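Throughout, the working numbering is defined as the position within the sequence shown, counted from one, plus 558.
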Amino acid sequence: MIRYYKLLIAYFLCPLISVPAMAASAVPGIIPAPVEVEMREGVFAFGAGTVVRCSYELRPLASYLYRETGRRVRVESVAGIHGAQNVVWLFVDPAAGLPAEGYTLEVTRDTLRITGADRAGVLYGIQTLRQLLPPHDNLPVSVAEIPCVRITDYPRFPYRGFTLDVARTFTPCEEVIRLLDLMAFHKMNRFHWHLTDDEGWRLPLECYPELAREGGFRGGGSPIRNIYGAWGERYGGYYTPEQVWAVIDHAAFLNIEVVPEFDLPGHSRAVARIHPEILCRGPVDTASSAGYDLRKVWCAGREENFAMIERIIDEICEVFPGAVIHTGGDEVPPEQWETCPDCRALMEREGLENTAALNTWFENRVGRMVAARGRRQAVWNEAADGGRLEHDPVIWAWENHESVERAVRAGYDVVNMTSQYYYFDMKQSASEVGLAWGGVVDLAKTYGYEPVPAAEGDGRVIGVNGGFWTETFLWNGEWWRDYQLFPRMCALAETGWSQGSARDFGDFRERLDRWHLARLDALGVAYRGAPGVGIREAYAVPEGRIRAAYELTGSVPCTARNPYSHAADNDTRTFARTERTARAGDWFEFRFRSPVECGSITVRSGYSALPRFVIGPAVLEVSYDGRTYEVVDPRFGYTGTFRPRAAVHSLRLTVTGEGNGEDAVIIQDLVIMP
Ligand code: TNX
């Protein structure tokens, strides 16, 4: 860096005003913040008459510049960097002394030069140029004034990623591509595609076409039951091979490597529903689930399983050109392995002390398959809990900061994906939708987190990764994606790209508010707080509710820890949880001690803000006299509000479906409003 700085001084004799990269200035606030910004006098008029010159190889990027800025610029293939006015030069100069993916962007009155250390650097120079233009002014005919400036920029981490869980909620190809565009705009370069899980398999395979064809859908006649929303209906989808290639190609153009994930040995109920033979020899797990086998772990002692896994890994390696293949390893429940004679024999034979060791053994075996094909294995942090992982994997530490520290101490390369900061399925304030097990994750929290443990000196943390898990998605709907991702993704991108010492939330917030949110508006991103979106406080239990006395009973026994009374105590922090799921004919009843006059009643089931462990599908009825009932909602699922026409005596829910795909029902307190 010092060497580079000297070069800079020698280069420019004209007086220049040097400002810290992040200070608000005549240069629009750029996100992620560049390493160095030096202001000059004057402007470059970009637009009509501007010519883009570049080598033949860079022409697609010149067209991209044209497309993304909406300018009617002419592209010419010319080598060399001299002469002419009103010219944008794009070139790659490995000798410029810039780190990988770095660039300089130099704007004078006559020329605008983007010099990349490599092609990626040129791409990122173009992203910065896009941000130097006024956000809403992208009309082809207009001319935009770009301030004269010299920007020197390069990333802090080589790995700046985003995980999209398309297993819980299928995300159409076009939407994936839109997200890739937004990632590139923020200089992010890894797309982790979570393609398989308990509730869905979205990856088309020639070797096992039935996995996507059948495992891509839930509900209706599918072997996979509904869990999250759309009860009774068949819904879902999977990608065609052409769509997978389209995503890989588009990503590659944008310097984004696709990291596909085949999550195993746990998180595999979708495969197991279609190929039950992969499961352990042991009892089925249907006692609590109305006949739905909840088992989800590949048997480690069944040799044929590894042949099947190898065929899948082989095809994944054929389709995905990237360096890294993610093979899961998270959240493996131990019971199935513990009770399986084949797994026990295997553990004995291999001297494996517990199921954590068996998980590591399993991932090592899969890691060998990945390594044999010249790729690098990625795994979740638990895969390293039971011994040494042998194939130099990248550990994705997600559980908490300690899991990052542990993986770093063990000497692995680590991607920091700590859920408490980087999980964008977490809610952004107490009253908004989203999960909460990782706490409330607001923008300041994501931005403020330092991803490299203090004791670390040797670059073991290779990057950061944001995660969008989609269990709650169906319930919330399309608006929820942009709402959860932006602007938290901007904060993550800056942590990944900008130098750690320079992070200042006040300054970031200002750049967002003054410049960047308008850019997101122009790109059609319906971020949290956007015009017309606002802040949606859906789950606030409102002030002033009526604390009526009522009793809750039902046909399904509750656990001792979460009895029915917990949903009838007017304490919204506690809930009732049954010992099994509800079957058709099961019922629950709320009976008021004396009829309650009110404006509305909300019946709530499942986790709050997560449509899981729900009552429905069920019929909700109200009784005003204690003898006759009227249907309020014939298709009650998760929660619902109704306005009674008289004082309410009781409410009754009669279940109509065969379970909710889980092993329990959760019932919350009623919310009664005057
Ligand atoms: C934990 S991330 C999981 C996911 C869930 C997520 C929900 C990981 C390795 N496991 O399966 O979707 O929490 O926040």
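Ideal Cβ placement from N, Cα and C applies to all residues, glycine included. Keep in mind it's a predicted model, so treat the numbers as computed, not measured.
| Check | Outcome |
| --- | --- |
| Separation of Leu753 from Phe820, as counted between CA atoms | 7 Å |
| Contact between the segment 809-818 and the segment 1186-1201 (3+ Cβ pairs under 8 Å) | no |
| Three CB pairs or more closer than 8 Å across the segment 785-800 and the segment 829-837 | no |
| Inter-residue spacing [alpha-carbon to alpha-carbon] between Ala1140 and Asp1191 | 18 Å |
| Any non-hydrogen atom of the ligand TNX closer than 7 Å to Gly1025 Cβ | yes |
| The ligand TNX heavy atom lying under 7 Å from the CB of Ala981 | With the sequence shown as reference, residue 981 is identified as Tyr, and Ala is not the correct amino acid for it. Indeed, a heavy atom of the ligand TNX lies less than 7 Å from the Cβ. |
| Among Ala653, Thr686, Val707, nearest to Thr669 - alpha-carbon criterion | Val707 |
| Assigned secondary structure, Gly925 (DSSP; H/G/I helix, E/B strand, else coil) | helix |
| 3-residue-minimum beta strand (DSSP E) runs that sit fully inside the segment 680-739, ordered along the chain | 702-711, 717-723 |
| C-beta neighbour in chain D for Leu691, strict 8 Å | Any reference to chain D falls outside this structure, which holds one protein chain only. |
| Rounded C-alpha distance that separates Val680 from Ser621 | 13 Å |
| C-alpha gap between Ala1176 and Ala591, whole angstroms | 52 Å |
| Beta-ladder partner(s) of Met984, from DSSP | Leu993 |
| Beta-carbon contacts of Trp1033 that lie in its chain and below 6 Å, excluding the five residues immediately before and after | Gly787, Pro1169 |
| Closer than 7 Å: Leu993 CB and nearest the ligand TNX heavy atom | yes |
| Given Thr608 as reference, the closest of Asn644, Gly1035, Asn1128 once Cα atoms are compared | Asn644 |
| Contact test: Trp1033 Cβ vs the ligand TNX heavy atom, cutoff 7 Å | no |
| Limits of the unbroken beta strand (DSSP E) element including Thr512 | This structure does not reach residue 512, given that the chain is present from 559 up to 1232, and the question cannot be answered. |
| Expected contact under 8 Å - CB spacing of His825 and Lys854 to nearest Å | 6 Å |
| Trp520 CB to nearest heavy atom of the ligand TNX below 7 Å | This structure gives no information on residue 520, because the portion of the chain shown stretches from 559 to 1232. |
| Length of the line joining the Cα atoms of Leu916 and Cys875 | 25 Å |
| Length-filtered (3 minimum) beta strand (DSSP E) runs lying within the segment 1121-1198 | 1145-1154, 1158-1162, 1176-1181, 1188-1194 |
| Cβ-based neighbour list, Ala581, same chain, cut-off 6 Å, excluding 5 preceding and 5 following | Below a pLDDT of 50, predicted positions are generally treated as unreliable, and Ala581, at 35, falls in that range; no measurement from the model is reported. |
| Pro767 versus Gly887, Thr798, Val998, Pro951, residue with shortest Cα-Cα distance | Thr798 |
| Alpha helix (DSSP H) runs contained entirely in the segment 1005-1086, provided each spans 4 or more residues | 1031-1034, 1037-1043, 1046-1055, 1063-1069, 1075-1080 |
| Run of the beta strand (DSSP E) containing Gly1219, from where it starts to where it stops | No beta strand (DSSP E) contains Gly1219, which DSSP labels as neither H nor E. |
| Per DSSP, the bridge partner or partners of Tyr979 | Partner(s): none; Tyr979 has no beta bridge. |
| Helix, strand or coil at Asp943 according to DSSP, with G and I counted as helix | coil |
| As assigned by DSSP and simplified to three states, the class of Cys1116 | strand |
| Inter-residue CB distance, Gly886 and Trp938 (contact presumed, cutoff 8 Å) | 6 Å |
| Extent of the continuous beta strand (DSSP E) to which Asn974 belongs | 971-974 |
| Residue range of the unbroken beta strand (DSSP E) whose run includes Gly886 | 882-886 |
| Simplified DSSP state of Cys875, which is helix, strand or coil | helix |
| Given 8 Å, three or more beta-carbon pairs between the segment 1040-1048 and the segment 992-1008 | yes |
| Beta-carbon proximity of Ala1222 to Arg1138, cut-off 8 Å | yes |
| Where the beta strand (DSSP E) through Leu648 begins and ends | 645-650 |
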